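Single-structure report; data block below.
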Amino acid sequence: MSNQVKSKERVADFGEVNTSEREVNAMLDLVKQETERLDSRFLEPACGDGNFLIEVLNRKLDILVKKYKKNQYEFERNSIVVVGSIYGVDILEDNAQSARERLFNRFIEVYEKYFKEYSNENLIKSIKFIIDKNIIHGDALTLKEVDSENPVTFCEWAIINNKLKRRDFTLSDLLAYPPFDKVALFSDMGDEVHIPSPIKDYKLVNYDEAHNSC
Ligand SMILES: C[S@@+](CC[C@H](N)C(=O)[O-])C[C@H]1O[C@@H](n2cnc3c(N)ncnc32)[C@H](O)[C@@H]1O
66 MSNQVKSKER
76 VADFGEVNTS
86 EREVNAMLDL
96 VKQETERLDS
106 RFLEPACGDG
116 NFLIEVLNRK
126 LDILVKKYKK
136 NQYEFERNSI
146 VVVGSIYGVD
156 ILEDNAQSAR
166 ERLFNRFIEV
176 YEKYFKEYSN
186 ENLIKSIKFI
196 IDKNIIHGDA
206 LTLKEVDSEN
216 PVTFCEWAII
226 NNKLKRRDFT
236 LSDLLAYPPF
246 DKVALFSDMG
256 DEVHIPSPIK
266 DYKLVNYDEA
276 HNSC
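Residues 66 to 279, numbered by the numbering used here, are exactly what the sequence shown covers, in order.
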């Protein structure tokens, strides 16, 4: 078996053939500017164990390090934006869990390289919480969590000064959004516009307390 295929059964049942690093990078180069913008959002609806997501994280972390390796506060605040902008769904639980672990371990590796001495336990808890929320064990066709009637729900993480704002949206509402549907997002021509509403809106918390958003 190549490292792109785990078993014949998984290929047959779930179409699981992971993309090689070279192809991932060639594809991400097509949207290079976006991969280098800290707040550009990426969703992989069949993310496997995260081959695309980890490269998006790598590219964003490179920019984060270049900009803020000498400023721990700015690094931390912006790391919430970076990690909070990366989303995935996979129907296989082990894939979703491996993707979460890869993203978390990569973040910690970079964070500890620069800030191990004064590392912030709250930030680490917050990053873990965000990754656990953003990578969902779900079905991208039914838009539900696996073995559940719960809709796949994504959290929007927004930094407002030194505070964190969380709002939750269902994937089905987000998919009704242009360019996925015909309705315009913004228009000054009197057209119908569609702005999804959050299903839950949370109070502001400190930027490193995502795990306390409730
Ligand atoms: C071809 S692999 C690609 C994995 C990854 N995107 C990559 O390029 O390395 C397809 C993935 O889709 C997942 N999958 C299959 N059906 C799915 C569904 N209905 N919803 C979410 N994920 C699904 C499989 O578990 C598998 O990990």
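Virtual Cβ for every residue (Gly too), placed ideally from N, Cα, C.
All values derive from a computational prediction rather than experimental measurement.
If you check the CB distance, GLY203 and ASP155 come in under 9 Å. In this structure, GLU166 has its CB at a distance of at least 8 Å from all heavy atoms of ligand 1. Only buried fits TYR152, as 16 or more other CB atoms lie within 10 angstroms of its CB. Taking LYS135 as reference, the option from LEU108, VAL146 and TYR176 with the minimal CA-CA separation is TYR176. Only buried fits ARG231, as 16 or more other CB atoms lie within 10 angstroms of its CB.
Following the DSSP letters along the chain, one finds ASP238 inside the alpha helix (DSSP H) bounded by residues 236-240. Its Cα nearest to that of LEU157, the residue VAL76 stands out among VAL76, LEU240, TYR133 and HIS276.
Ranked by Cα distance from TYR179, the first of TRP222, TYR138, GLU274 and ILE201 is TYR138. The beta carbon of GLU86 sits closer than 8 Å to the beta carbons of ASN116 and GLU120 from its chain, once the five residues preceding and following it are set aside; these are given in chain order.
Under the 8 Å Cβ criterion, the region 186-194 does not count as touching the region 214-222, having fewer than three qualifying pairs. Spatial neighbours of GLN69 in its own chain (CB-CB distance under 8 Å, excluding positions within 5 residues in sequence) are listed in chain order as VAL82, ASN83, THR84 and SER85.
Per DSSP, VAL154 lies in no alpha helix (DSSP H) segment; the continuous beta strand (DSSP E) that holds it begins and ends at 151-155. Taken in chain order, the whole alpha helix (DSSP H) runs of length 4 or more contained in the region 67-92 are 73-79. By the 16-neighbour rule on beta-carbons within 10 angstroms, THR207 is exposed. DSSP lists LYS228 as the bridge partner or partners of ASN271.
Taking a 10 Å sphere around the C-beta of SER144, we find 16 or more other C-beta atoms and assign the residue as buried. Counting other Cβ atoms within 10 Å of its Cβ, ALA205 reaches 16 or more and is therefore classed as buried. Here GLU141 really is in contact with ASP273; their C-beta atoms are around 6 Å apart, less than 8 Å. Taken from the Cβ of PHE219, every heavy atom of ligand 1 lies 8 Å or farther away.
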